[in-house]
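**Q**
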Amino acid sequence: MSNLHDLLALNTLPITEIYVDELRKLLKSGIPATYTLEQAASHEAGRDEDEDTGSNTTPLHILVRSLPSKLSEDETKVVLQMMDVLFEYGAGWNFLDYQNKSPGDVLWEKGFRTGNPLYERIVEAGVSAELLLRRLDENIEFLSEDDEPVDEEESDAGETIDAQITQAQDVEEAPRDTAEHQDEYLKAKLEYTDNSLVTQENRDGVMMDWETDIMRLARDSLFKYAGKEPVVLNIGFGMGIIDTLIQEQSPYKHYICEAHPDVLARMREDGWFERDNVVVLEGRWQDTLSALLDEGTVFFDAIYYDTFSEHYSDMLELYDNVVGLLKPEGVFSFFNGLGADRRVCYDVYRRIVDVDVRNYGMKCHFTAIPLPEKPDWENVRRSYFSCDTYFHPEIRFA
Ligand SMILES: C[S@@+](CC[C@H](N)C(=O)[O-])C[C@H]1O[C@@H](n2cnc3c(N)ncnc32)[C@H](O)[C@@H]1O
Numbered sequence: 001m002s003n004l005h006d007l008l009a010l011n012t013l014p015i016t017e018i019y020v021d022e023l024r025k026l027l028k029s030g031i032p033a034t035y036t037l038e039q040a041a042s043h044e045a046g047r048d049e050d051e052d053t054g055s056n057t058t059p060l061h062i063l064v065r066s067l068p069s070k071l072s073e074d075e076t077k078v079v080l081q082m083m084d085v086l087f088e089y090g091a092g093w094n095f096l097d098y099q100n101k102s103p104g105d106v107l108w109e110k111g112f113r114t115g116n117p118l119y120e121r122i123v124e125a126g127v128s129a130e131l132l133l134r135r136l137d138e139n140i141e142f143l144s145e146d147d148e149p150v151d152e153e154e155s156d157a158g159e160t161i162d163a164q165i166t167q168a169q170d171v172e173e174a175p176r177d178t179a180e181h182q183d184e185y186l187k188a189k190l191e192y193t194d195n196s197l198v199t200q201e202n203r204d205g206v207m208m209d210w211e212t213d214i215m216r217l218a219r220d221s222l223f224k225y226a227g228k229e230p231v232v233l234n235i236g237f238g239m240g241i242i243d244t245l246i247q248e249q250s251p252y253k254h255y256i257c258e259a260h261p262d263v264l265a266r267m268r269e270d271g272w273f274e275r276d277n278v279v280v281l282e283g284r285w286q287d288t289l290s291a292l293l294d295e296g297t298v299f300f301d302a303i304y305y306d307t308f309s310e311h312y313s314d315m316l317e318l319y320d321n322v323v324g325l326l327k328p329e330g331v332f333s334f335f336n337g338l339g340a341d342r343r344v345c346y347d348v349y350r351r352i353v354d355v356d357v358r359n360y361g362m363k364c365h366f367t368a369i370p371l372p373e374k375p376d377w378e379n380v381r382r383s384y385f386s387c388d389t390y391f392h393p394e395i396r397f398a
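What follows is the structure in structure tokens.
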């Protein structure tokens with residue numbers, strides 16, 4: 001253990017400003033704010049400090065793990081200052097420790113949750129880091145050895161926080177994962193089971209019927225602000241759950257955008273193409289919506305977005321389409337699984353969505369829905385939602 005780790009074990013209570021001064025001194029002396037327990041152990045054993053041990057138990061982890069279960073107001077202020085100092089010296093908010101936990105996960109488990117200044121400080125650090133990385137991504141041109149620009153998605157130099165966490169969990173995964181790469185997904189064979197839609201070969205859960213209540217809630221939002229003759233757009237048909245619910249409200253026009261040939265075949269079989277008030281936009285929304293925008297003849301009371309194998313960068317692109325296609329009083333909503341494999345990431349993304357839509361003069365209101373029962377992930381490759389609260393978004397022009 002290094003002096004830094006020793007200090008952050010908080011062996012002397014109460015926690016006073018002396019800790020802040022000592023911490024600053026150690027970091028100033030050159031110990032990195034990211035110096036992990038694993039690196040210290042390798043150093044002690046005479047091994048390469050940079051060897052990959054599969055986990056990164058950082059000083060911030062040690063600090064939050066060492067916190068007593070109750071802190072006075074003064075102690076909370078001191079710990080906040082210590083966190084500020086660590087972040088100032090480059091601590092990361094999202095490294096995963098020997099128990100596969102980020103500092104935010106540890107705080108949450110210890111009962112320091114939403115509204116607690118320490119937990120909120122981690123969320124804030126996550127939001128800043130994500131927005132900063134995005135800026136860097138925009139400005140750096142990645143060059144390969146032969147000076148050809150490299151596809152940013154293929155480079156790990158500027159990846160988002162979410163991608164880093166996901167990678168840490170899934171290091172053994174094949175590089176062309178259907179859940180990660182949309183071109184692979186669109187080529188993969190799909191299978192409808194009794195309660196899900198999955199990729200046939202690797203059993204990725206594209207859609208599962210545990211989401212039905214969430215879809216009902218979303219459907220209700222879509223009609224909440226609509227005029228007398230609602231025109232709605234749903235992006236991503238999947239199992240047709242939300243589209244069936246939308247049809248119950250007899251919309252004037254119901255656009256459905258769907259890209260996968262197997263899903264389109266199912267829609268054809270089930271008569272969706274023949275319904276009077278349904279317009280099927282065949283293909284990726286990236287192509288079909290820009291055509292609608294160019295025509296400039298259709299505007300929506302409500303737009304819902306729930307696709308597969310897309311990333312937050314796709315949503316950023318979608319916002320441009322949404323603002324052009326939504327009526328001024330309309331509403332945009334989406335299946336909110338952003339960062340939902342960890343509560344702290346889920347909270348970071350909630351804030352990021354709000355920051356991003358504000359750039360378009362919109363506001364996002366989230367409704368918290370408890371999910372007391374864990375979905376059954378037995379027949380799919382991996383879970384895509386691990387939180388016990390769902391945050392349903394409603395985005396409207398402010
Ligand atoms: C999670 S499912 C949608 C589930 C749907 N909300 C329901 O209630 O059943 C995702 C759907 O989006 C489709 N999809 C994925 N990427 C798309 C894209 N870029 N454009 C249009 N559809 C896409 C998938 O083929 C799949 O049918």
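Following full-length UniProt numbering, the numbering of the sequence shown begins with 1 at its first residue and continues without gaps. Even for Gly, the Cβ is constructed at its ideal location relative to N, Cα and C. It should be emphasised that the depicted structure is a prediction, and the values quoted were computed from it without experimental measurement.
(1) Measuring alpha carbon to alpha carbon, tell me which residue in Thr16, Gln200, Arg47 and Tyr35 is nearest Glu73.
(2) If you run the structure through DSSP and keep just helix, strand and coil, what is Leu86?
(3) Check for me: the beta strand (DSSP E) holding Arg396 runs from which residue to which?
(4) Kindly indicate which residue of Tyr390, Ile62, Val344 and Ile303 has the alpha-carbon position closest to the one of Val231.
(5) Among residues of its own chain, excluding the 5 on either side of Asn3, which ones have a beta-carbon nearer than 8 Å to its beta-carbon?
(6) Report the option in Ala91, Ile122, Tyr89 and Pro117 whose CA atom is closest to the CA atom of Asp105.
(7) State buried or exposed for Ile18, treating a residue as buried only when at least 16 other CB atoms are found within 10 Å of its CB.
(8) Please find out if some non-hydrogen atom of ligand 1 comes closer than 7 Å to the beta-carbon of Ala125.
(9) For the region 364 to 373 against the region 307 to 321, do three or more pairs of beta-carbon atoms, one drawn from each stretch, fall closer than 8 Å, so that the two count as touching?
(10) At the level of alpha carbons, what is the spacing between Asp262 and Val279?
(11) For the candidate residues Tyr319, Pro375 and Trp210, whose alpha-carbon lies nearest to that of Gln286?
(12) Starting from His365, follow the alpha helix (DSSP H) in both directions and report where the run begins and ends.
(13) Closest to residue 418 by C-alpha separation, out of Tyr305, Asp347, Arg266 and Tyr360, would be which residue?
(14) Mark Glu317 as exposed unless 16 or more other C-beta atoms lie within 10 angstroms of its C-beta, in which case mark it buried.
(15) Between Thr53 and the rest of its own chain, which residues show a CB-CB distance below 6 Å, the 5 nearest in sequence each way excluded?
(16) Out of curiosity, what's the CA-to-CA distance linking Leu338 and Tyr349?
(17) Alpha carbon to alpha carbon, what distance is there between Leu136 and Phe142?
(18) Enumerated in chain order, which unbroken segments of the alpha helix (DSSP H) with a length of 4 residues or greater are wholly contained in the region 175 to 253?
(19) Whole-angstrom Cβ separation of Thr189 and Gln200, contact assumed at under 8 Å?
(20) Decide yes or no for the touch test of the region 234 to 247 against the region 289 to 306: beta carbon pairs closer than 8 Å, at least 3 of them.
(21) Please go through the region 52 to 88 and give each complete alpha helix (DSSP H) segment of 4 or more residues, from N-terminal end onward.
(22) Please report the Cβ distance between Leu60 and Leu86, rounded to the nearest whole angstrom; I am assuming they are in contact, meaning their Cβ atoms lie under 8 Å.
(23) Mind checking whether Val64 and Pro14 have CB atoms under 8 Å apart?
(24) Closest to Ile395 by CA distance: which of Ser386, Met362, Phe385 and Val380 is it?
(25) May I ask you to report which of helix, strand or coil DSSP gives Val298?
(26) Which of the three DSSP states, helix, strand or coil, is assigned to Glu172?
(27) Could you tell me the distance, in whole angstroms, from the CA atom of Val380 to the CA atom of Thr178?
(28) In chain order, what residues of the same chain have a beta carbon less than 7 Å from the beta carbon of Lys253, not counting five sequence neighbours either side?
(29) Kindly indicate which three-state DSSP category Tyr349 falls into: helix, strand or coil?
(30) What does DSSP give as the partner residues of Tyr304 in its beta bridges?
(31) Does Pro328 pass the burial test, meaning 16 or more other C-beta atoms within 10 Å, or should it be called exposed?
**A** Reading off the structure:
(1) Residue mapping note: residue 73 aligns to position 73 of the sequence shown, counting from 1. Ranking the options by Cα distance to Glu73, first place goes to Thr16.
(2) As a first step, residue 86 is located in the sequence shown; it is residue number 86 there, counting from the start. Three-state result, Leu86: helix.
(3) Residue numbering aside, residue 396 sits at position 396 when the sequence shown is read from its first letter. Here the beta strand (DSSP E) through Arg396 covers Thr389 to Phe397.
(4) Here residue 231 refers to the residue found at position 231 when the sequence shown is read from its first residue. Closest option to Val231, Cα to Cα, is Ile303.
(5) Stepping through the sequence shown from its first residue, residue 3 is reached at position 3. Within the same chain, Cβ atoms closer than 8 Å to the Cβ of Asn3 are found at Leu26 and Ile31, the five residues on either side in sequence being excluded.
(6) Residue numbering aside, residue 105 sits at position 105 when the sequence shown is read from its first letter. Nearest of Ala91, Ile122, Tyr89 and Pro117 to Asp105, Cα basis: Ile122.
(7) By one-based count along the sequence shown, residue 18 stands at place 18. Residue burial is scored here from C-beta neighbours: Ile18 has fewer than 16 other C-beta atoms within 10 angstroms and is therefore classed as exposed.
(8) Position 125 of the sequence shown holds residue 125. Taking non-hydrogen atoms of ligand 1 into account, the C-beta of Ala125 is found less than 7 Å away from none of them.
(9) The answer is no - the region 307 to 321 does not touch the region 364 to 373, with fewer than three Cβ pairs under 8 Å.
(10) One-based indexing of the sequence shown puts residue 262 at position 262. One-based indexing of the sequence shown puts residue 279 at position 279. If you draw a straight line from the Cα of Asp262 to the Cα of Val279, it comes to about 18 Å.
(11) Position 286 of the sequence shown, counting from 1, holds the residue named residue 286. Closest by alpha carbon: Tyr319.
(12) Position 365 of the sequence shown, counted from the first residue, corresponds to residue 365. From DSSP, His365 is part of no alpha helix (DSSP H) but of the beta strand (DSSP E) over Met362 to Pro370.
(13) The question about residue 418 has no answer, for the chain in this structure spans 1 to 398.
(14) The sequence position of residue 317 within the sequence shown is 317, counting from 1. With fewer than 16 other Cβ atoms within 10 Å, it is exposed.
(15) Within the sequence shown, residue 53 is the residue found at index 53, counting from 1. Taking Thr53 as the centre and dropping the five residues before and after it, the same chain places the C-beta of Glu38 closer than 6 Å to its C-beta, in chain order.
(16) Numbered from its first residue, the sequence shown carries residue 338 at position 338. Numbered from its first residue, the sequence shown carries residue 349 at position 349. Distance from the CA atom of Leu338 to the CA atom of Tyr349, rounded to whole angstroms, is 6 Å.
(17) On the sequence shown, residue 142 is found 142 positions in, with the first residue counted as 1. On the sequence shown, residue 136 is found 136 positions in, with the first residue counted as 1. The predicted model places Phe142 with a pLDDT of 48, which falls under 50 and marks its position as unreliable; any figure quoted below should be read in that light. Distance between the alpha carbons of Phe142 and Leu136: 11 Å.
(18) Whole alpha helix (DSSP H) segments, 4+ residues: 182 to 187, 212 to 224 and 241 to 248.
(19) For the purposes of this step, residue 189 is identified with residue 189 of the sequence shown, where counting begins at 1. For the purposes of this step, residue 200 is identified with residue 200 of the sequence shown, where counting begins at 1. Here residue 189 is Lys; the residue named in the question, Thr, does not match the sequence. Sure, about 4 Å apart at Cβ, within 8 Å.
(20) Yes, they touch.
(21) Secondary structure remark: continuous alpha helix (DSSP H) runs of at least 4 residues inside the region 52 to 88, in chain order: 59 to 66 and 73 to 88.
(22) One-based indexing of the sequence shown puts residue 60 at position 60. One-based indexing of the sequence shown puts residue 86 at position 86. Confirmed, about 5 Å.
(23) Start at 1 with the first residue of the sequence shown, and residue 64 comes out as number 64. Start at 1 with the first residue of the sequence shown, and residue 14 comes out as number 14. No, the Cβ-Cβ distance between Val64 and Pro14 is not below 8 Å.
(24) Counted from its first residue, the sequence shown places residue 395 at position 395. Of the listed residues, the one whose Cα sits closest to Ile395 is Met362.
(25) Indexing the sequence shown from 1 puts residue 298 at position 298. Three-state DSSP puts Val298 in coil, outside helix and strand.
(26) Taking the sequence shown and counting its residues from 1, the one referred to as residue 172 is at position 172. Model confidence at Glu172 stands at a pLDDT of 48, short of 50, so the residue's coordinates are unreliable; what they give is reported in the following sentence. Coil, per DSSP.
(27) Within the sequence shown, the letter at position 380 stands for residue 380. Within the sequence shown, the letter at position 178 stands for residue 178. Taking the Cα positions, Val380 is about 13 Å away from Thr178.
(28) The residue labelled residue 253 in the question sits at position 253 within the sequence shown. These residues qualify, in order along the chain: Val231, Asn277 and Val279.
(29) For the purposes of this step, residue 349 is identified with residue 349 of the sequence shown, where counting begins at 1. Tyr349 falls in the helix class under three-state DSSP.
(30) Start at 1 with the first residue of the sequence shown, and residue 304 comes out as number 304. Bridge partners of Tyr304: Asn234 and Ser333.
(31) The sequence position of residue 328 within the sequence shown is 328, counting from 1. So Pro328 counts as exposed.
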